[in-house]
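Residue numbers (our numbering): 122 to 332. This report concerns only the one structure given below.
Written out as structure tokens, the structure reads:
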């Protein structure tokens, strides 16, 4: 399999974590978002949206959207599972994961930040305030959820889909100077993940295309 991604893409980071947790080796191909290569004709054939990641599986099928890729990986390679079998438990973990993947991440993604800078005249400070607001808004809700559990990871003793989503978002939060002291439980989960070999391997700074 081949993963087309970018070292600092949160969505690519999610998939890298899942691949590492499941012990799956893939070829990594860089699509440099800063240089706009995601909009090249060649990449648009892989994903008409011009986004990363794209996972090309053995038969040549091209899978897009990180959450769909994670679902594929969990069904194709079920051990260790990213989501539990119990339907209620599964639904709660998925809901928490989607707070990040569908509510927080899209509105502080690179393409959105470029748009509000170019079309709405926001300077660096305005862009940072925008990102801080939406990350903090989502993290406030997730912190309340996480405070309900005593487990080292959200609801679980081992990393799950939630941590695949959370850790890249915490990485972004720190880039935008979000005060993580507001979120002690999320910070504790992040700290636990930073000791885990799969999360270490998936770190942006450890990727071949990192500067």
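Every residue, glycine too, gets a C-beta built ideally from N, C-alpha and C. The structure displayed is predicted, hence computed values, not measured ones.
Check                                                                                                                                                                           : Outcome
Once the 5 residues before and after residue 201 are set aside, which same chain residues still bring their CB inside 8 Å of it?                                                : 142, 143, 279
When you compare only the Cα positions, how much space is there between residue 226 and residue 187?                                                                            : 12 Å
Measure the CB-CB distance between residue 173 and residue 131 and report whether it falls below 7 Å.                                                                           : no
Could you check if residue 311 is buried or exposed, using at least 16 other CB atoms within 10 Å of its CB as the buried criterion?                                            : buried
Is it buried or exposed, residue 212, if we count other Cβ atoms within 10 angstroms and call 16 or more buried?                                                                : exposed
DSSP three-state call for residue 126: helix, strand or coil?                                                                                                                   : strand
Report the residue from 209, 162, 181, 125 whose alpha carbon sits nearest the alpha carbon of residue 151.                                                                     : 125
Could you check where the beta strand (DSSP E) with residue 176 kicks off and where it finishes?                                                                                : 175-177
Between the beta-carbon of residue 297 and the beta-carbon of residue 249, is there less than 7 Å?                                                                              : yes
Cβ atoms of residue 299 and residue 253: under 7 Å apart, would you say?                                                                                                        : yes
For a test of the three-state rule: what should DSSP assign to residue 182, helix, strand or coil?                                                                              : coil
Within the same chain, show all residues whose beta-carbon is closer than 8 Å to that of residue 273, passing over the 5 residues directly before and after it, in chain order. : 309, 310, 313
Which residue comes first and which comes last in the alpha helix (DSSP H) that contains residue 149?                                                                           : First-last for residue 149: 148-151, but that is the beta strand (DSSP E), not the alpha helix (DSSP H).
Would you call the stretch 279-295 and the stretch 208-222 touching, i.e. three or more CB-CB distances under 8 Å?                                                              : yes
Under three-state DSSP, which class holds residue 277?                                                                                                                          : strand
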